[in-house]
DNA sequence: TTGAAAGCGCTACCAA
DNA sequence: TTGGTAGCGCTTTCAA
């Protein structure tokens, strides 16, 4: 096996000092154009590839960032956000020679442990703060660890020193409510996500305020957990009692699907007897009939923005929050005027 | 910021040489029990965490493995295999202090490039060879690069030096066919995956042979691409002509879903007019009505087996292929006797 | 069994 | 602008 080509070889071939070769290769200033080009050429000729390990050790950077997904492993399967989000991150990282380390924690304790490990090992130069929670313990931890991080969809109100990439979803939710109100609905309920998540409250508040602003009284709120099954349960809770809502705004598509399926089993037709809206814009929402009216988010673009932010932050630049185009309402077939009373 | 605790500090505190400390910490032989315990204690007291970077540089290992997913980024979203598989890998890696680097390639050229980079940078100690193709170019590449790898569901017939973790799916497909034959179906078609994939042929052959073994003539084969949309297209192709099949075995669940949806639009009821089976066992297959009869795979367990194999392989052990329990047929509501002729 | 020292390949500082 | 060199923190010979 041929010996690895090192920067020593390159410097020797170019007839310059190692330090000059290093500076030249890394595009640092203080190197004459002539030296730079000679070094470049020597590197090319030798097929030089810098050793990431040595660079890491000496530059004290890992050239890697981390994403820790906290999710019961079984539930990961049905999370469509995941794939698109990772694809977006990768697009940005790859261009900069960075790589993504992906970790999975099944509960909070484990997740925090993973962050600690990443930091202790210096395995990554920064991490994404995804799925923010109310009083998220990771914020204190990452601050304590001094780990650069970029939040995803953090709330502006959230006091944290971490920059954030955001996509507003509240406007889409408001549009959904306005659509329903415009169609004549008066009893509009909400199926929310778990109370611990920031986005649960963002969506819930948007629904609440929009209904209130229309002069109607916000309907019942049922708390689900973003799964299909919890959508079904929400249907049972909301649709079997008196004063049944004529429209339901769900905090994500998967619950909307579950809710619709269950509603139809109960004997309600969507959208004739009941209008339903979702949130996310997953492909599944277009597979079923009726296709679901939803708020279309852009996980990939959001991930791209977040990754860009993180790399800048790691490079030491001071960065501002970034906001991509808001998630827009996509009107499909799960919404219609309420049944004549 | 406190200076990092290094092995030098530990050695000093324990009153031994650095090399002894290293040997002691790494459980190597040739260290007296007394020295070992003193070093351990010193390390504990100081809260010593070895530097992954320095270890990497000197030990020439990255303590990281790679998974390159080749998929159009947009399609990644709806791949449920992905999440479960990664969860399984993570479970095993985490226990050994290894981490997973995840990369995404949108086409073959890019994917091969990612493998090359991983190797050139020594970013990983090994990789997973997922979604094997016929004459997969990655095999030659990884061999050339000398990169340890473990294949997922490779074909025994595939000549490759890489060990493989496998879950047999052919038995499940045969069981599906047998089920249909037992119900009285005579015209059983198949919706296959893209011809480039090994598992496409594994499933296709299983379907073909099972039908033939039953004394029936294998029906038509339509090639899809594992997407929902291609399932719909397959329905159009198979169900609109003469000699319509009464049962269709699909190479994955998503196509089965698309096919069923389209079939119902065309006016065929499933399972009364048409029986359909899937493959994978994704959650979605249980959301819809009828719930889909399918072959239930175990991506998480398969990933665990593959990761275990890879770590062993990296450690230099010679490893044999591993086969986990075969994917079993789960009979649900999308299969019934054919309509009376 | 223990210890000294030579790398691993690169960056960064400082002197020339 | 260039070059020499001291680390980065660990593993691994090789003597003692």
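Protein chains in written order, with our numbering: chain A, 6 to 346; chain B, 6 to 346.
Yeah, the Cβ is synthetic: ideal placement off N, Cα and C, and Gly gets one too.
Given the structure is predicted, the values throughout are model-derived calculations rather than measurements.
Query, Result
"For the segment 144-152 of chain A against the segment 65-76 of chain B, do three or more pairs of beta-carbon atoms, one drawn from each stretch, fall closer than 8 Å, so that the two count as touching?", "no"
"Could you compute how far the alpha carbon of residue 331 of chain B sits from the alpha carbon of residue 21 of chain B?", "54 Å"
"Determine which residues of the segment 286-300 of chain A have a Cβ less than 9 Å from any Cβ of chain B, and write them out in chain order.", "287, 288, 289, 291, 292, 293, 294"
"Residue 232 of chain B: which of B:26, B:285, B:250, B:278 sits nearest, CA to CA?", "B:285"
"Could you name the residues of the same chain whose beta carbon sits closer than 8 Å to that of residue 18 of chain B, not counting the 5 residues immediately before and after it, in chain order?", "47, 50, 51"
"Looking only at its chain, what residues have a beta carbon closer than 8 Å to the beta carbon of residue 275 of chain B, apart from the 5 residues adjacent to it on each side?", "265, 268, 269, 281, 295, 339"
"May I ask which residues mark the beginning and end of the alpha helix (DSSP H) holding residue 46 of chain B?", "38-51"
"Who pairs with residue 133 of chain A in a beta bridge, going by DSSP?", "A:155"
"Indicate whether the contact test is met: 3 or more Cβ pairs, each with one atom in the segment 181-192 of chain B and one in the segment 151-169 of chain B, closer than 8 Å.", "no"
"Residues in its own chain within less than 7 Å of residue 335 of chain A by CB, not counting five upstream and five downstream?", "286, 298, 299, 301"
"Where residue 27 of chain B and residue 105 of chain A are concerned, what is the direct C-alpha to C-alpha distance, given to the nearest angstrom?", "30 Å"
"Between the alpha carbons of residue 219 of chain B and residue 86 of chain B, how many angstroms are there, rounded?", "32 Å"
"Quick one, which residues of the segment 113-128 of chain A are near chain B if we go by CB-CB under 7 Å, in chain order?", "125, 126, 127, 128"
"Can you check which of these residues, A:223, A:216, A:173, is closest to residue 203 of chain A by C-alpha distance?", "A:173"
"Should residue 343 of chain B go down as buried or exposed, given a rule of 16 or more other Cβ atoms within 10 Å for buried?", "buried"
"Quick one, are the C-beta atoms of residue 89 of chain A and residue 327 of chain A less than 8 Å apart?", "no"
"Does DSSP put residue 200 of chain A in a helix, in a strand, or in coil?", "coil"
"Just curious, the alpha helix (DSSP H) that residue 69 of chain B is in, first and last residue?", "That residue, residue 69 of chain B, is in no alpha helix (DSSP H); its beta strand (DSSP E) goes 69-75."
"Please report the Cβ distance between residue 254 of chain A and residue 290 of chain A, rounded to the nearest whole angstrom; I am assuming they are in contact, meaning their Cβ atoms lie under 8 Å.", "Wrong, their Cβ atoms sit about 14 Å apart, outside the cutoff."
"Output needed for residue 119 of chain B: all residues of its chain with C-beta closer than 6 Å, excluding positions within five of it in sequence on either side, in chain order.", "73, 108, 110"
"By the DSSP assignment, the alpha helix (DSSP H) with residue 333 of chain A in it spans what residues?", "Run containing residue 333 of chain A: none in the alpha helix (DSSP H); it sits in the beta strand (DSSP E), 333-335."
"For residue 370 of chain A, list the residues DSSP reports as bridge partners.", "Residue 370 of chain A cannot be examined here, being either before or after the span of chain A that is shown, 6 to 346."
"Between residue 329 of chain A and residue 315 of chain A, how many whole angstroms is the CB-CB distance? I'm expecting something under 8 Å.", "About 15 Å separates the two Cβ atoms, so there is no contact after all."
"Residue 10 of chain B by DSSP, collapsed to three states: which one?", "coil"
"Go through its chain and collect everything with a Cβ distance to residue 57 of chain A's Cβ below 8 Å, but skip five positions before and after it.", "68"
"Any beta-carbon of chain A closer than 8 Å to the one on residue 53 of chain B?", "no"
"Residue 1 of chain A: which of A:24, A:131, A:256, A:37 sits nearest, CA to CA?", "Summary: the structure shown does not reach residue 1 of chain A, with chain A confined to residues 6 through 346, and so no result is reported for it."
"Listing by chain order, which chain A residues have their CB less than 7 Å from the CB of residue 107 of chain B?", "91, 105, 107"
"Whose Cβ in chain B lies nearer than 7 Å to the Cβ of residue 59 of chain A?", "62"
"Taking only beta carbons into account, state which residues of the segment 260-285 of chain B come closer than 9 Å to chain A, listed in chain order.", "262, 263, 266, 269, 270"
"If we ignore side chains and look at the alpha-carbon of each, how far apart do residue 181 of chain A and residue 237 of chain B end up?", "30 Å"
"Determine, using beta carbons only, whether residue 215 of chain B and residue 258 of chain B come nearer to each other than 8 Å.", "no"
"Residues bridged to residue 328 of chain A by DSSP?", "A:171"
"How many whole angstroms separate the CB atoms of residue 319 of chain B and residue 130 of chain B, which I take to be in contact at a CB cut-off of 8 Å?", "5 Å"
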